[in-house]
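The working numbering puts the first residue of the sequence shown at 16, with every later residue one more than the last.
For glycine and all other residues, C-beta sits at the position ideal for the given N, C-alpha and C.
This report refers to the structure that appears directly beneath it.
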Amino acid sequence: MAGYDYDLFVIGAGSGGVRASRIAASHGARVGICEDDLVGGTCVIRGCVPKKLLVYGSHVSEDVEDAAAWGWTIPEPSFAWATLRDNVQKEVMRLNGIYKTLLKNANVDLVIGRGRLMDAHTISVGERVVTTDKILLAPGARPWRPSIPGAELAIVSDDAFHLPELPKRIVIVGGGYIAVEFAGIFNGLGSEVSVVLRRDRVLRGFEEECRDHVQAGMTTKGVRFRTDTELAAIERDGAGLVAITTTGERIATDVVMYGTGRIPNVAGLGLEKAGVLLDKAGAVTVDEWSRTTAGTIYAVGDVTNRMNLTPVAIMEGHCFADTVFGGKPRKPDHRDVPSAVFSQPQMATVGVTEAEARRIFPKVDIYAATFRPMKYTLSGRDQKTFMKLVVDAASDRVVGAHMVGDDAAELIQGIGIAVKAGATKAMFDATVGIHPTAGEEFVTMRTKRPDPAPAAKAAE
Ligand code: NDP
């Protein structure tokens, strides 16, 4: 729109912001974007991507352990944290370069610095002031840590990628995605890992049996859990630290890491100057079109705290750009979003859990299987795979699919298409399996679990 420097100015060059700016520009909008860090956002710079590379790296220890069963003699292995850490950072910097090139090729102006709203059409970025017709807020979220004595001695996941050395011992606080993923990474790399969580089990909100399988699998691999407790304080102890729990236990450690959730990155954005309101959790309030309470300002991604996943932020950003600049109105669809936790063992899920299904549908059929995958038959590794299908009995539709085990994320991505498409259990049954795979179990489960007793059902 004439009169403004830009048609769209985006705050935050992460997954949602970059996608929205590129698509808006492809629809002919004049677009600028600001970022005060590397380009790529949490996922690329200090989240999903470097984390998954560390997961791959940490898996090698098991492969080496199992090698003898396949006839391989491998000399005593040794691990150099600095090599893995630096290689991962090289890849992060490569991706940062690719993101910059993507923006340049899309004719999106990148302005380095933190954006601050001055009013609904004016943004300052460092010394520079830009005017714009529309604004997209995509600043993401940042780690949050409880304020206990000594909390400043702990690290968060951002710091874990840059540790000068691999800790011999690490205490990880929390039982969510980040806590279990990093517990698996450090355990696989050889650290002694203790997880302190305030619940009885990890991964609240996920399928109950999957939670059991993940926690049991992690325990088998050597992770120690302190459940139903929290950290009361962290103290220095010589060169190390002591993590003191509310139950009075003192855990000697080298590093304490918080994985206690993330909060929307709204501090200092000047939202009040433009009439952008926040919800009770401190996230930017948006409607189903990602529009904030200030009509020309939109928000996508973790700052809106809808579903804090990269592909969801990308979907929201793309829908926003198509709607506002492409003449193709599209709302993001947050139903049946598949997701994975790259814990070890890995977990992935799509659709509703059994407990949720029992609240929604009058009758639910459950199919489940637990088995040792072929890969571990020769080595005898004690690692089971678990799969579960949740079916609405009235329509025969598969409304939930859950898995714990190797390649769960890869498998559930495909199953996610079937669930999204509304496939019935009969269609799963009519699909021929690929043999021998773990995935064939999803199309060969024929034995329905007996319905739970009425008392157990009522308790759910
Ligand atoms: P989560 O919300 O997943 O987990 C937070 C954990 O910290 C929970 O176990 C929570 O316990 C616990 N907790 C919260 N407050 C306290 C407290 N005061 N004292 C003790 N424990 C506390 O957050 P994460 O930081 O793990 O991850 C943030 C988000 O990032 C995730 O929600 C997810 O959306 C995204 N993410 C996605 C990944 C993926 O897709 N693979 C990977 C990593 C992150 P309780 O359950 O009792 O509330």
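Could you tell me which of the options sits nearest to residue i, measuring between CA atoms?
i: MET330; options: TYR21, ARG143, ARG219 and SER36; result: SER36
i: PRO164; options: VAL406, ALA258 and ALA82; result: ALA258
i: SER41; options: ASP337, GLN398 and ALA247; result: ASP337
i: ALA370; options: ARG157, GLU207 and GLU222; result: GLU222
i: ALA296; options: ARG265, ALA156, VAL79 and ALA309; result: ALA156
i: ASP81; options: SER394, HIS417 and LYS119; result: SER394
i: PHE340; options: ARG219, ILE150, ARG412 and ASP52; result: ILE150
i: THR261; options: SER93, GLY274, THR244 and GLY253; result: THR244
i: VAL103; options: PHE94, VAL79, LYS67 and ASP124; result: LYS67
i: LEU256; options: GLY27, VAL186, ALA231 and GLY190; result: VAL186
i: VAL238; options: GLY190, ALA247, ILE249 and ASP252; result: GLY190
i: ASN280; options: LYS403, ALA39 and THR57; result: THR57
i: ARG184; options: ILE193, ILE200 and ASP173; result: ILE200
i: MET272; options: LEU181, ILE430 and PHE376; result: LEU181
i: GLN398; options: SER162, GLN230 and GLY220; result: GLN230
Buried or exposed: where does residue i fall if 16 or more other Cβ atoms within 10 Å of its Cβ makes it buried?
i: ARG241; result: buried
i: ASN122; result: exposed
i: PHE386; result: exposed
i: ALA282; result: exposed
i: MET108; result: exposed
i: GLU50; result: buried
i: VAL447; result: exposed
i: GLY477; result: No answer is possible for residue 477: the residues shown for the chain start at 16 and end at 475.
i: ALA416; result: buried
i: THR235; result: exposed
i: GLY332; result: buried
i: SER209; result: buried
Return the Cβ separation of residue i and residue j in integer angstroms, given the expectation that the two are a contact with Cβ distance under 8 Å.
i: GLY31; j: ALA328; result: 3 Å
i: PRO451; j: MET362; result: PRO451 to MET362, Cβ: 22 Å. No contact.
i: VAL25; j: ILE48; result: 4 Å
i: ARG131; j: LEU284; result: 6 Å
i: ARG321; j: TYR313; result: Contact doesn't hold; Cβ gap of about 13 Å is too wide.
i: VAL414; j: ALA372; result: 6 Å
i: VAL33; j: LEU118; result: 7 Å
i: TYR19; j: ASP227; result: Between ASP227 and TYR19 the Cβ distance is about 55 Å, and since that is not below 8 Å, they are no contact.
i: ARG476; j: PHE176; result: Residue numbering for the chain in the displayed model covers 16 to 475; residue 476 lies beyond these limits and cannot be assessed.
Quick check: is any heavy atom of the ligand NDP less than 7 Å from the C-beta of residue i?
i: VAL356; result: yes
i: GLY479; result: The structure shown has nothing for residue 479, since the chain only spans 16 to 475.
i: LEU212; result: yes
i: GLU196; result: yes
i: ARG219; result: yes
i: LEU404; result: no
i: GLY420; result: no
i: TYR192; result: yes
i: THR368; result: no
Quick check: residue i and residue j, are their CB atoms within less than 8 Å of each other?
i: VAL54; j: ASP22; result: no
i: VAL419; j: THR400; result: yes
i: GLY205; j: SER358; result: no
i: PHE197; j: GLY72; result: no
i: ALA408; j: LYS378; result: yes
i: SER352; j: ILE430; result: Checking the displayed sequence, the identity of residue 352 turns out to be Val instead of Ser. Not in contact: VAL352 and ILE430 (Cβ atoms no closer than 8 Å).
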